[in-house]
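**Q** Chains A and B supply the protein sequences, listed in that same order. Under numbering that gives the first Met the number 0, residue 161 is the last one in the first sequence; the count climbs by one each step, no gaps. Under numbering that gives the first Met the number 0, residue 161 is the last one in the second sequence; the count climbs by one each step, no gaps. Backbone N, C-alpha and C define an ideal beta-carbon position, used for all residues, glycine too. Keep in mind that this is a model prediction, so the values were computed, not measured. I'd like to ask you about the structure that follows.
2 protein chains.
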Amino acid sequence: MAELKSIVNPLFLRDEDLRQGIELLFFAYRDFTARGDAILAKQHFGRAHHRVIYFVGRHPGIRVSALLDILGITKQSLSRVLSQLVREDYIVQKTGTSDRRQRLLHLTEKGRALEHELTSEQQTRLAAAYKDAGAVAVEGFRKVMLGAMDMGSRKHFQTSEK
Amino acid sequence: MAELKSIVNPLFLRDEDLRQGIELLFFAYRDFTARGDAILAKQHFGRAHHRVIYFVGRHPGIRVSALLDILGITKQSLSRVLSQLVREDYIVQKTGTSDRRQRLLHLTEKGRALEHELTSEQQTRLAAAYKDAGAVAVEGFRKVMLGAMDMGSRKHFQTSEK
DNA sequence: GTATTATGTCAATGATGCTGACATATTATA
DNA sequence: TATAATATGTCAGCATCATTGACATAATAC
Numbered sequence: 000m001a002e003l004k005s006i007v008n009p010l011f012l013r014d015e016d017l018r019q020g021i022e023l024l025f026f027a028y029r030d031f032t033a034r035g036d037a038i039l040a041k042q043h044f045g046r047a048h049h050r051v052i053y054f055v056g057r058h059p060g061i062r063v064s065a066l067l068d069i070l071g072i073t074k075q076s077l078s079r080v081l082s083q084l085v086r087e088d089y090i091v092q093k094t095g096t097s098d099r100r101q102r103l104l105h106l107t108e109k110g111r112a113l114e115h116e117l118t119s120e121q122q123t124r125l126a127a128a129y130k131d132a133g134a135v136a137v138e139g140f141r142k143v144m145l146g147a148m149d150m151g152s153r154k155h156f157q158t159s160e161k
Numbered sequence: 000m001a002e003l004k005s006i007v008n009p010l011f012l013r014d015e016d017l018r019q020g021i022e023l024l025f026f027a028y029r030d031f032t033a034r035g036d037a038i039l040a041k042q043h044f045g046r047a048h049h050r051v052i053y054f055v056g057r058h059p060g061i062r063v064s065a066l067l068d069i070l071g072i073t074k075q076s077l078s079r080v081l082s083q084l085v086r087e088d089y090i091v092q093k094t095g096t097s098d099r100r101q102r103l104l105h106l107t108e109k110g111r112a113l114e115h116e117l118t119s120e121q122q123t124r125l126a127a128a129y130k131d132a133g134a135v136a137v138e139g140f141r142k143v144m145l146g147a148m149d150m151g152s153r154k155h156f157q158t159s160e161k
């Protein structure tokens with residue numbers, strides 16, 4: 000039986016170890032997003048709004064197409080959420096100067112405030128986890144997370160490695 | 000400006016480092032679940048079905064209430080998914096012997112097959128990430144993930160630490 | 001001047017979650 | 001024994017978030 004599992008999994012990682020990894024991801028991600036979800040619910044927003052606000056805050060002036068790339072959703076899905084955020088004055092769209100077809104996205108003051116409320120909660124949580132785990136652990140966390148994601152996603156982290 | 004950020008974040012972790020951590024979680028989780036989602040879509044199932052199948056497979060004979068605890072959803076939400084899985088012969092409910100109110104959940108052969116298809120994909124992905132990162136990194140990953148989740152979730156990992 | 005690009009919108013559909021209300025066994029307790 | 005609590009299930013309604021497909025407009029590229 001143990002032999003069988005070793006054949007199935009030739010890296011000598013036990014089925015149990017890998018299942019634990021799967022579950023670590025599940026519980027950590029769920030808990031990590033739960034508080035934000037609660038904050039957003041008060042504004043009648045959902046996690047999708049959070050993601051848009053986060054990445055627009057992270058990349059001021061981002062093009063709609065680039066945001067779609069990052070989020071990995073369709074423009075129709077983004078449309079409803081983005082229109083809402085623009086309508087309710089969390090995000091402004093500025094026509095691109097070099098290419099006037101573009102609608103470059105920026106947070107408003109109101110948007111920045113919400114972004115900060117959401118992000119700082121997650122940063123606090125992560126900072127505590129980092130502090131408890133230590134610098135070596137954080138580097139290990141980074142390596143495993145990068146390895147677990149698709150090649151295409153890793154490019155988002157390459158520039159920050161310089 | 001840098002001073003200000005240090006006050007906000009007294010652990011001497013830069014805003015940038017913590018944002019990167021947030022994004023590592025976002026991209027890794029998204030990519031980690033994407034393949035499974037695609038497999039499930041063929042069966043007209045979603046991620047919720049995956050989670051139920053996974054945890055029933057992990058804890059054969061689990062009570063409905065315990066499953067609800069793990070998933071962190073309401074019984075009404077579980078009901079739709081679970082009924083479907085029972086109706087389509089992926090899961091069987093066996094009346095508890097000591098307490099006949101309980102409906103103890105088990106995978107059928109069909110359920111085990113789907114569970115294996117879904118889980119082994121994620122295990123393969125994680126095994127590759129673990130191998131590339133190395134044992135020290137894996138331990139760091141574990142520490143950070145445990146620290147990022149709620150206290151209540153950590154108990155799911157305590158028994159496996161013995 | 002035509003093709004492509006960037007963006008937006010309408011409509012229909014499905015998955016996943018929620019609250020609230022109510023129902024049925026079964027077990028525990030006063 | 002009568003009543004309360006527990007374990008589970010179900011119905012109805014609602015919101016969010018995603019999809020596909022079709023079509024539209026403005027601006028840029030060839």
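In chain order, what residues of the same chain have a beta carbon less than 8 Å from the beta carbon of B:Leu145, not counting five sequence neighbours either side?
**A** Only Arg153, Phe156 meet the Cβ criterion.
**Q** With DSSP as the reference, please indicate the residues paired to A:Lys74 in a beta bridge.
**A** Its beta-bridge partners do not exist; DSSP assigns none.
**Q** Among the residues of its own chain, which have a CB less than 7 Å from the CB of B:Arg124, if the five just before and after it don't count?
**A** For B:Arg124, where only same-chain residues beyond five positions count, the Cβ hits under 7 Å are Phe31.
**Q** Can you check whether the CB of B:Glu138 is closer than 8 Å to the CB of A:Gly139?
**A** Yes.
**Q** Just to confirm the assignment, what range does the beta strand (DSSP E) spanning A:Ile52 have?
**A** Segment 46 to 57 is the alpha helix (DSSP H) holding A:Ile52; no beta strand (DSSP E) there.
**Q** Below 8 Å, can you find three or more Cβ-Cβ pairs linking the region 72 to 85 of chain B to the region 10 to 25 of chain B?
**A** Result no; under three Cβ-Cβ pairs closer than 8 Å.
**Q** Which word fits B:Gly110, buried or exposed, when buried means at least 16 other C-beta atoms lie within 10 angstroms of its C-beta?
**A** Buried, since its Cβ has 16 or more Cβ neighbours within 10 Å.
**Q** Quick check: the Cα distance between A:Asp36 and A:Gly45, rounded to an integer number of angstroms?
**A** Their Cα atoms are separated by approximately 6 Å.
**Q** By how many angstroms is the C-alpha of A:Asp14 removed from the C-alpha of A:Met0?
**A** Confidence at A:Met0 is low in this model, with a pLDDT of 45, below 50, so its placement is unreliable and the value that follows should be read with caution. Cα to Cα, the separation comes out at about 12 Å.
**Q** In three-state DSSP terms, what is B:Gln101?
**A** In the structure shown, B:Gln101 sits in coil (DSSP, three-state: anything other than H, G, I, E or B).
**Q** Would you mind working out which of A:His43, A:Ala47, A:Gln92 sits nearest A:Gly60, comparing C-alpha positions?
**A** Here the closest residue by C-alpha is A:Gln92.
**Q** So is B:Met150 buried or exposed if we call it buried at 16+ other beta carbons inside 10 Å?
**A** Result: exposed.
**Q** From A:Ile38 to A:Arg50, what distance separates their C-alpha atoms?
**A** The straight-line gap from Cα to Cα measures roughly 13 Å.
**Q** Under the assumption that B:Arg34 contacts B:Glu120 (Cβ atoms under 8 Å), give the Cβ distance between them as a whole number of angstroms.
**A** Right, their Cβ atoms sit about 5 Å apart.
**Q** Please determine, among A:Leu103, A:Ile52, A:Arg102, A:Leu23, the residue with the shortest C-alpha to C-alpha distance to A:Val80.
**A** Checking every option, the nearest Cα to that of A:Val80 belongs to A:Ile52.
**Q** Against chain A, does B:Glu2 count as a neighbour if the rule is that its beta carbon must be under 8 Å from one of theirs?
**A** Note that B:Glu2 scores 48 on pLDDT, short of 50, meaning its location in the model is unreliable; the coordinates nonetheless yield the value given after this. Taking Cβ atoms only, chain A never reaches closer than 8 Å to B:Glu2, which makes this a no.
**Q** Could you pull the start and end residues of the alpha helix (DSSP H) that A:Thr32 belongs to?
**A** Element bounds for A:Thr32: 14 to 41.
**Q** So, is A:Glu160 buried or exposed, given that buried needs 16 or more other C-beta atoms within 10 angstroms?
**A** Legend: pLDDT at A:Glu160 = 43, less than 50; position of this residue unreliable, value from coordinates given subsequently. Answer is exposed; the Cβ neighbour count stays below 16.
**Q** Quick one: Cα of A:Arg141 to Cα of A:Phe54, how far?
**A** If you take the alpha carbons of A:Arg141 and A:Phe54, they lie about 20 Å apart.
**Q** What is the residue span of the beta strand (DSSP E) that B:Thr94 lies within?
**A** Here the beta strand (DSSP E) through B:Thr94 covers 90 to 94.
**Q** Taking only the alpha-carbon atoms, compute the straight-line gap between B:Asp88 and B:Ser97 and give it to the nearest angstrom.
**A** Rounded to the nearest angstrom, the two C-alpha atoms are 25 Å apart.
**Q** For a contact meaning CB atoms closer than 8 Å, what does B:Glu120 contact in chain A?
**A** By Cβ distance, chain A contributes nothing, its closest Cβ being about 10 Å from B:Glu120, past 8 Å.
**Q** I'd like to check one pair, A:Ala132 with B:Val143: are the Cβ atoms closer than 8 Å?
**A** Yes; because the gap between Cβ atoms is below 8 Å, this pair is in contact.
**Q** Check each residue of the region 16 to 41 of chain B: if its Cβ is closer than 7 Å to any Cβ of chain A, include it; give the result in chain order.
**A** So the close ones are Leu17, Arg18, Gln19, Gly20, Ile21, Glu22, Leu23, Leu24, Phe26, Ala27, Tyr28, Arg29, Asp30, Phe31.
**Q** Taking just the CA atoms, how far does A:Gly95 sit from B:Glu116?
**A** C-alpha separation (whole angstroms): 47 Å.
**Q** For chain B, is any of its Cβ atoms less than 8 Å away from the one on A:Arg57?
**A** Chain B contact via Cβ: present.
**Q** Kindly give me the distance between the Cβ atoms of A:Leu104 and A:Leu66, rounded to whole angstroms, as I take these residues to be in contact under 8 Å.
**A** Yes, A:Leu104 and A:Leu66 are in contact; Cβ-Cβ is about 7 Å, under 8 Å.
**Q** On a Cα-Cα basis, can you pick out the residue from B:Ala136, B:Ala147, B:Leu106, B:Tyr129 that is closest to B:His58?
**A** The candidate whose alpha carbon is nearest that of B:His58 is B:Leu106.
**Q** Report the CB separation of B:Ala136 from A:Ala27 in whole angstroms; it is logged as a contact under 8 Å.
**A** Incorrect: roughly 16 Å between the Cβ atoms, too far for contact.
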